[in-house]
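The structure appears right after this line, and notes come after that.
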Amino acid sequence: MQPMNVPGPNAKDIIECDSAVISSSYPRAYPFVMACGQGSEVWDVDNNRFLDFAAGIAVVATGHSHPKVVRAINDQAEKFIHISCDFYHAPWVELGEKLNEIAPFKEDAVTFMTNSGTESVEAAIKLARHVRGGSQFVGFLGGFHGRTLGSLSFTASKPHYHRGFYPLMNGVVHVPFPDPYRPLLKFDIGKDYGEAVVHYINKEIFGKLLPPDDVSAILVEPILGEGGYIVPTPGFFPALRELCDTYGILLMVDEVQSGMGRTGKWWAIEHFGVEPDIICAGKGIASGVPLGAMVARKSLMTWPTGSHGTTYGGNPIASVASLTTIDLIETDYMENAREVGKYTLEALTEMQSRHPSIGDVRGIGLMIGVEFVKNKETKEPAKDLHNRISYLAFERGLLTLGCGDSVIRIAPPLSISKREIDEGLEIFEEAITIAESEAYLVIST
Ligand code: PLP
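So the sequence shown is numbered by numbering that gives the first Met the number 0: it starts at 0 and just counts up by one.
Given below as structure tokens:
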């Protein structure tokens, strides 16, 4: 497969202008400049075609510009675009009803709508303080919850998110996430590592540092996203739920990346057989129109009028895009995510046996991480190699994004076909083979 001439002349022009007027803080992966997209395919401004295994950071659940989503947006735009949270409109209410139907609680659910993942987390933090009165929280090392000051206080996936921004919100104690590939804590072999982590929280954190009655909530991703697409062990969530119940602490799960059918169920937490108290949603919820949601058990949503609000949350364009997205996921794409996800995981696991640099392949549905290591025994992360693989794949027509130290995430639109997966994996494997041979040359000289 011949590499394309990327970035081409048009892309180079735009990138140069971008650097003059757009914030330098954005972490650009490589020089892809989008012109248009359809389903799982995208084109850049020089008319180069790419398969999209990144979906705009797991956002375009129904693929790029799904015709039904586009029609819903157009139809709504012709009626009205905005009215604000001071008034009412039907799509907003309909979306609340739909989220109530799919929320992972037996109890009824009530939603506060936002414009992003981080705002959903901020809303959850405020609601938890309102309900419990306590000022303290527990978060997880490796977790990512956003970049505004409240959510940032929980984010612990990379130090550069915090550098220069202290003081953050007070009162978040971080504990290890139960990463089965790299367990931080000692535990008895044969026992569930996730249970060991919960035991540590109870015995060491609550026993020596943090009075549990001062803790409002525990905030956790069901599967780590930015932190490396890490799936916890099966015992973790049941034990965590029990811990929360023991002390009356709220269990808040951040489903911004893992939710909306990406794992083959509406919410990743459903794979672990426990009910949370609050969920935070975003990304895939409206196929790319900015929308987030903080969905709570009805009995918790007792805050008084005016205690929280937003100008745009529940925006009519976002609401109809979300209703159409949810309908498409429900009728077709959740099943597709399950089936194509299993197919992809098996193909990548096979690929692992052919490549010394693939240390681990893991995931559920279409939320799959491929971890690159320098050595399968030591598991030392191969950061440069994984960057190189991403770039080589880009040059050959495949968009991927990294996460963790050296993980490439496979998070395509939920509508992707097996044929497109095969095409993308062929490019991916070629990129791995080239990067491995280059690394070997470097090592041997
Ligand atoms: N929570 C999780 C799990 C995320 O993955 C992200 C974004 O990557 C966020 C929160 C923040 O979402 P946003 O970037 O929309 O604010």
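Cβ atoms here follow ideal geometry from the backbone N, Cα and C, with glycine treated the same way.
Those residues which DSSP pairs with residue i across a bridge
i: proline 237; result: Proline 237 is not bridged to any residue.
i: isoleucine 229; result: Leu223
i: valine 109; result: Ala295
i: arginine 128; result: Paired residue(s): none; arginine 128 is not in a bridge.
i: isoleucine 409; result: Ile367
i: alanine 464; result: This structure cannot settle anything about residue 464, because the visible part of the chain is limited to 0 through 444.
i: leucine 140; result: Pro175
i: tryptophan 42; result: Cys35, Arg48
i: valine 214; result: Gln135
i: proline 380; result: Val372
i: glycine 362; result: Ile367
i: aspartate 253; result: Cys279
i: isoleucine 357; result: Phe371
Residue closest to residue i, alpha-carbon to alpha-carbon, out of the options
i: proline 30; options: Asn73, Gly36, Gly7; result: Gly7
i: glycine 362; options: Thr232, Thr154, Glu100; result: Thr232
i: leucine 424; options: His270, Glu376, Lys11, Tyr342; result: Tyr342
i: serine 115; options: Ala317, Pro2, Leu209, Asp12; result: Ala317
i: glycine 364; options: Ile204, Glu379, Val339; result: Val339
i: glycine 308; options: Lys78, Leu183, Ala122; result: Ala122
i: valine 360; options: Val41, Arg162, Ile229; result: Ile229
i: alanine 57; options: Gly312, Val255, Ser152; result: Val255
i: aspartate 244; options: Pro411, Trp266, Ile268, Asp212; result: Asp212
i: serine 119; options: Ile101, Gly163, Asp253; result: Asp253
i: arginine 418; options: Ala346, Lys282, Gly358; result: Ala346
i: histidine 270; options: Ala280, Pro103, Pro175; result: Pro103
i: phenylalanine 427; options: Met350, Ile13, Ser416; result: Met350
i: valine 32; options: Asp45, Ala267, Leu98; result: Asp45
i: arginine 27; options: Ile14, Arg353, Thr377; result: Ile14
i: isoleucine 101; options: Ile357, Glu40, Ile268; result: Ile268
i: phenylalanine 164; options: Arg146, Arg181, Phe176, Pro177; result: Arg146
i: proline 179; options: Cys35, Ser356, Glu370, Gly281; result: Glu370
i: glutamate 40; options: Ala10, Ser22, His63; result: His63
i: tryptophan 266; options: Ile204, Asn99, Pro355; result: Asn99
i: glutamate 376; options: Ala434, Ile357, Trp91; result: Ile357
Chain B within 8 Å of residue i, Cβ atoms only
i: lysine 375; result: Checking the listed chains, one finds no chain B in this structure; it contains a single protein chain.
Supposed close pair residue i, residue j - CB separation, criterion 8 Å
i: histidine 81; j: asparagine 314; result: 6 Å
i: isoleucine 367; j: isoleucine 420; result: Rounded, the Cβ-Cβ distance is 10 Å, inconsistent with contact.
i: histidine 173; j: leucine 140; result: 5 Å
i: alanine 430; j: alanine 392; result: 4 Å
i: serine 257; j: asparagine 335; result: Contact doesn't hold; Cβ gap of about 17 Å is too wide.
i: glycine 234; j: aspartate 187; result: The Cβ separation is near 12 Å, so there is no contact.
i: serine 389; j: isoleucine 407; result: 6 Å
i: glycine 227; j: glycine 403; result: 3 Å
i: glycine 283; j: glycine 291; result: Wrong, their Cβ atoms sit about 11 Å apart, outside the cutoff.
Sequence-distant residues of its chain with Cβ nearer than 7 Å to residue i (five each side left out)
i: serine 286; result: Val59, Ala60, Thr61, His65, Val68, Ala320, Thr324
i: leucine 440; result: Here the model assigns leucine 440 a pLDDT of 46, short of 50, so the residue's position is not dependable, and the following value carries that caveat. If we look at leucine 440 and ignore the five residues flanking it on each side, it has no Cβ neighbours.
i: asparagine 201; result: Leu242
i: isoleucine 124; result: Gly149
i: serine 83; result: Thr310
i: tryptophan 422; result: Before going further, note that residue 422 is glutamate rather than tryptophan in the sequence given. Here the set comprises Leu50.
i: histidine 88; result: Ile82, Pro315
i: isoleucine 433; result: Leu391
Chain-order list of residues whose beta-carbon lies under 8 Å from that of residue i (same chain, five-residue window excluded)
i: asparagine 386; result: Gly401
i: isoleucine 72; result: Val288, Ile316, Val319, Ala320
i: glutamate 93; result: Ser318, Leu322
i: glutamate 379; result: Val372, Lys373
i: alanine 76; result: Ile316
i: leucine 209; result: Gln135, Val137, Val172
i: methionine 300; result: Val109, Phe111, Leu126
i: tryptophan 42; result: Met33, Ala34, Cys35, Gly36, Arg48, Phe49
i: valine 5; result: Pro30, Phe31, Asp43, Asp45, Asn47, Phe393, Glu394
Own chain residues within Cβ distance below 6 Å of residue i, not counting five before or after
i: alanine 127; result: Ser215, Ala216, Leu249
i: tyrosine 311; result: Asn114
i: alanine 54; result: Ala410, Pro411, Pro412
i: isoleucine 442; result: Unreliable placement is indicated for isoleucine 442, whose pLDDT of 47 sits below 50; the coordinate value is still reported in the next sentence. Cβ neighbours of isoleucine 442 beyond the five flanking positions: none.
i: histidine 144; result: Val120, Ser150, Phe153, Thr154, Asp253
i: glycine 95; result: Thr110
i: tryptophan 302; result: His129
i: leucine 183; result: Pro175
i: threonine 444; result: The predicted model places threonine 444 with a pLDDT of 38, which falls under 50 and marks its position as unreliable, so this point remains unresolved.
Count the CB pairs spanning the segment 233-240 and the segment 190-208 that are closer than 8 Å, and state whether there are at least three.
-> yes
Should the segment 38-50 be regarded as contacting the segment 392-401, the criterion being three or more beta carbon pairs within less than 8 Å?
-> yes
Given 8 Å, three or more beta-carbon pairs between the segment 166-173 and the segment 133-148 = yes
Is the segment 295-315 in contact with the segment 99-110, if contact means three or more CB pairs nearer than 8 Å?
-> yes
Using 8 Å as the Cβ pair cut-off and three pairs as the minimum, do the segment 215-223 and the segment 253-262 touch?
-> yes
For the 8 Å Cβ check, are there 3 or more pairs between the segment 324-338 and the segment 152-164?
-> no
Quick check: the segment 241-251 against the segment 272-282, are there 3 or more CB pairs under 8 Å?
-> yes
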